[in-house]
Amino acid sequence: MPTTASPDTLAILSNRARELLDALLVAADRETLLMLNPLLAQLVAAAERRR
Numbered sequence: 126m127p128t129t130a131s132p133d134t135l136a137i138l139s140n141r142a143r144e145l146l147d148a149l150l151v152a153a154d155r156e157t158l159l160m161l162n163p164l165l166a167q168l169v170a171a172a173e174r175r176r
């Protein structure tokens with residue numbers, strides 16, 4: 126039985142993350158950005174450790 130590729134490929138997931146972040150940056154106020162920046166910094170650090 127042939128296997129099909131997962132719809133959650135890296136390119137698709139990356140594009141969706143970029144779309145969501147762009148939408149958030151358009152709508153965000155100061156308080157949202159104050160919460161967002163440390164969260165993003167932690168996510169970046171975690172991703173770098175996995176490399």
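Numbering (the working numbering), first residue to last: 126 to 176.
We treat Cβ as the ideally placed atom computed from N, Cα and C, and that holds for glycine.
Note that the coordinates shown come from a computational prediction; the quantities given were computed from them, not determined experimentally.
Where the alpha helix (DSSP H) containing residue i begins and where it ends
{"i": "P163", "result": "155-175"}
{"i": "D147", "result": "135-152"}
C-beta contact flag for residue i and residue j at 9 Å
{"i": "L146", "j": "T157", "result": "no"}
{"i": "A153", "j": "L161", "result": "yes"}
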